[in-house]
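Here is the structure we will look at, set down as structure tokens.
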Amino acid sequence: MTFDRSRTALPAGYRSRPLTADDRAALLDLDTWAFPDPHAVAEFDDLPLPLTWQRVVGVEREDAPGDGLAAIHASYPFSRFPVPGNTLPTAGLTWVGVHPQHRRRGLLTAMIDQHLDECRRRGEPLSALFAAEAAIYGRFGYGKAADDLRVTVPRGAALRDVPGAADHTVRVEHADRARHGDLVARLHRAPGLPTSPAGINRPGWATRETDELWESYWADPKSFRASGRESLRIVVVERDGDPRGYATFRRSMDWQVTGPRGTVHLGDVVALDPAAARALWGVLLDLDLMSSTDPFLLPVDDTVMSLLVDPRAAGARITDNVWVRVVDVPGALAGRRYQADVDLVLGVTDDRLPDNAGSWRLRATAFGPATCERTDAAADLELDVRELGAAYLGGTSLAALAGAGLVADRTPGALSQAAAAFGWPLAPACGWVF
């Protein structure tokens, strides 16, 4: 594939260069300018950075490189990013920031184009990110591909019974990488229905693939225990000595005249089967001195909403989760599975990556291998790469996008066929912000 490198050029007077660990202080200083932080840069000295330095790029003034960085961007190397029924190499775009002094000069646009160029060079057909501001990344071809659930569950909320839940034993311990690292890494890689013959996985459920990410995950410096929260804790549920689920959490206390009103702030929540999920949530919703449990980044179809006898009491809110950019249309479309037979021609527009534009014939059997090849045939559906990214993980319906005028149905029946095929039994979501 070709790429117009003139589009990646920085504005006059700026240059980019790879950053290394020696640039740590400059990178952190720029990050606290782009994302205001109450801590001084020196206070980060005891925190490991999750970055893969070989994928970190800084921008500086050509005539004043010693004045600090003007902008940065980086990416995580997800070699096994879950897509429907499969995994694909994906760049997790992260740490994108521009110093306020250098805004509105085209630096972000140039950095995104450089990032897409690097994705193609490395053979990554997808780029994924969490958007700090939802309005920014659509113009670069990213589509909102997943949502997540935010709830506040009252302590003691009634849960429905699940056979086998009482057969589990529970460990509640200080979280420690040496003791729990292998367990967490193994269970986190197996969400959804890993034993299904159809390969029903949870799209978007990225795991931490680098040691730097795991170091950052387990780090617990005292100076950064935000909002009076305790050090990291973990609940592990086991059946016959076999770990079947875990959750990480930090509690915070609020002593009021009427009594203690503490909060359980959850991190990861992972269970391998319904009984383990019921046993895990039974512990999390009944910790002493707590009045509520606040999970973070739950999938919209998370088990807890079906277990709750009164789901309204959780005050569920929905917000955007992972955004996806299709970098290589045929590679991405052939690399996932589909939940229904499909044989359609998709007409794709892509202003930033012209090689993606044109008509593509997609053919697949339900949950089987797929092919995607360029064709001269007329399109059955027409859509922009942004909408293709939104639908890619199976969490956004092509029919819903068509209802908003964002997908054009050119052949009778094509839209319903495509919407059924692109869907997926489990809602996409990532359980941590990268």
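Residue numbers 41 to 474, in this note's numbering, belong to the letters of the sequence shown in order.
Just so you know, even glycine gets a beta-carbon here, dropped at the ideal spot from N, CA and C.
Beta-bridge pairing by DSSP links residue 412 to 402. Looking at the backbone, the Cα of residue 381 and that of residue 406 are separated by about 5 Å.
A distance below 6 Å between beta-carbons, with the five flanking residues on each side excluded, links residue 403 to the following residues of its chain, in chain order: 383 and 411.
Residue 82 and residue 68 have their C-alpha atoms some 9 Å from each other. Partner residues in the beta bridge of residue 290, as assigned by DSSP, are 305.
With respect to residue 124, residue 243 sits close: the two C-beta atoms are nearer than 8 Å. DSSP places residue 278 within a strand segment (E or B) once states are collapsed to three. Here the C-alpha atom of residue 397 lies approximately 55 Å from the C-alpha atom of residue 206. Taken through DSSP and simplified to helix, strand or coil, residue 214 comes out as strand. The beta carbons of residue 128 and residue 375 sit about 5 Å from each other, so the pair counts as a contact at 8 Å. Cβ-Cβ distances below 7 Å link residue 434 to 124, 243, 462, 463, 464 and 468 in the same chain, with the five nearest sequence neighbours on each side left out; the list follows chain order. In the structure shown, residue 379 falls within a coil segment according to DSSP collapsed to helix, strand and coil.
Leaving aside the five residues that flank residue 163 on each side, the residues in its chain whose CB is nearer than 7 Å to its CB run, in chain order, 129. Within the same chain, 100 and 101 come within 8 Å of residue 107 by CB-CB distance, once the 5 residues on both sides are set aside. Note on residue 151: 16 or more other CB atoms within 10 angstroms of its CB, so buried under the neighbour-count rule. Using a 10 angstroms sphere on the CB of residue 343, the tally of other CB atoms reaches 16 or more, which defines it as buried.
Rounded to the nearest angstrom, the gap between the Cα atoms of residue 339 and residue 66 is 36 Å. Under DSSP, residue 296 takes part in a beta bridge, and its partners are 299. With 16 or more other Cβ atoms inside 10 Å of its own Cβ, residue 284 counts as buried. In this chain, the beta strand (DSSP E) harbouring residue 132 covers 126 to 138. Residue 370 and residue 413 do touch by the CB rule: their CB atoms are close to 7 Å apart, below 8 Å.
Taking a contact to require three or more Cβ pairs closer than 8 Å, the stretch 248 to 260 and the stretch 85 to 96 qualify as touching. DSSP links residue 339 through a beta bridge to 188. With respect to the 8 Å criterion, residue 137 and residue 74 are classified as neighbours on the basis of their beta carbons. The criterion of a C-beta distance shorter than 8 Å is not satisfied by residue 310 and residue 203. About 7 Å separates the beta carbon of residue 114 from that of residue 97, a gap short enough to meet the 8 Å contact definition. The alpha carbon of residue 308 has as its nearest neighbour, out of 297, 320, 298 and 432, the alpha carbon of 320. Across the structure, residue 436 and residue 148 are spaced so that their CA atoms are roughly 27 Å apart. By the Cβ-count criterion, residue 262 is exposed, with fewer than 16 other Cβ atoms from all chains shown falling within 10 Å of its own Cβ. DSSP, read as helix, strand or coil, puts residue 437 in coil. Linking residue 258 to residue 334 through their CA atoms gives a straight-line distance of about 20 Å. Distance between residue 76 and residue 142, taken at the CA atoms: about 16 Å.
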